[in-house]
Every structure is written in C-alpha cells, then in structure tokens.
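J.: Handing you this structure, nothing more for now.
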C-alpha cells in the first residue's frame, strides 16, 4: 500500500486541480504542487532532519520528532513560496498555517500519511 499511497499522494492534487475549472493563480499553483511539496520536500526533510538531528520526540512512544516536523514546515513553505510567491502577507500566513497543520498531521500519523497529508494540503 505504501507505494500506491505515495503515487496517489503526489499525483492526486494535480489531477484534482487540472480536472476542475480553477483559474490560474498563485493559489492554483499551490494546489498543483501540494503533493510534490508535501511528500517530495516536506516528508523527505522531516525524515532526514528528524533522524539526524531530532532529539525531542513528539510523544514518548512515537518515533517522530519536533525537529523533523519543523523541517517539514520550513521546507514545504519555502517550496510553495518559490513556486508562487504569495500576493500579500495575509495569504502567506494562510499558506504557512495550512502547511503547519499538514506538518502536525504528518507527525501524528503512521499509516498512509503519504496519501492523507497531500490531500489535506489540497
């Protein structure tokens, strides 16, 4: 299931965006890349940074760390801002808030997070 969830997680936001009638804008660009941003950048950084530098566990019996979650937040936000700079401060805050909730979702799930996190970001 993991490989199928990874493929679906990366592709589903793009499929959903291109099959709808959403006009091209920074928001639609964020929707298009949300799968790649959350899995390709965020999940990868969370794993790498969390394993290498992570010392503060999310929970006592949970392997994920605060440092990994923070790496997800920073990396994914940076990718989204590079792909489509937000038009104003309020929109930037909304994007960061969405990524923050997605980072917390990624940190709290063990099964099928490769599917749920990109769909949540979408």
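Numbering (the working numbering), first residue to last: 55 to 176. Note that beta-carbon positions come from the ideal geometry of N, C-alpha and C, so glycine has one too.
1. Provide the residue(s) that pair with residue 119 in DSSP beta bridges, ordered along the chain.
2. Could you spell out the range, first to last residue, of the alpha helix (DSSP H) harbouring residue 140?
3. Does the Cβ of residue 125 have 16 or more other Cβ atoms within 10 Å, making it buried, or fewer, making it exposed?
4. Taking Cβ to Cβ, would you say residue 138 is nearer than 8 Å to residue 80?
5. May I have the straight-line CA-CA distance separating residue 99 from residue 167, to the nearest angstrom?
6. Helix, strand or coil: how does DSSP classify residue 166 here?
7. Could you tell me whether the stretch 133 to 153 touches the stretch 109 to 125, where touching means 3 or more Cβ pairs closer than 8 Å?
8. Throw me the rounded Cβ distance for the residue 93 and residue 129 pair, which I believe falls under 8 Å.
9. Which residue's Cα is closest to the Cα of residue 145: 66, 82, 111, 57?
10. When the Cα atoms are used, what is the spatial distance from residue 113 to residue 147?
11. What would DSSP say about residue 79, mapped onto helix, strand or coil?
T.: In terms of the structure at hand:
1. In the DSSP output, where bridge partners are listed per residue, residue 119 has 111.
2. For residue 140, there is no enclosing alpha helix (DSSP H), as DSSP marks it with neither H nor E.
3. Per the 10 Å Cβ criterion, buried.
4. The answer is yes: Cβ separation under 8 Å.
5. Near 15 Å, if we compare the C-alpha coordinates of residue 167 and residue 99.
6. In this structure, residue 166 counts as coil in the three-state DSSP scheme.
7. With the cut-off at 8 Å, the stretch 133 to 153 and the stretch 109 to 125 do not touch.
8. About 11 Å separates the two Cβ atoms, so there is no contact after all.
9. Among 66, 82, 111, 57, the Cα nearest to that of residue 145 is on 82.
10. Per the coordinates, the alpha-carbon of residue 113 lies some 27 Å from the alpha-carbon of residue 147.
11. Three-state DSSP puts residue 79 in coil, outside helix and strand.
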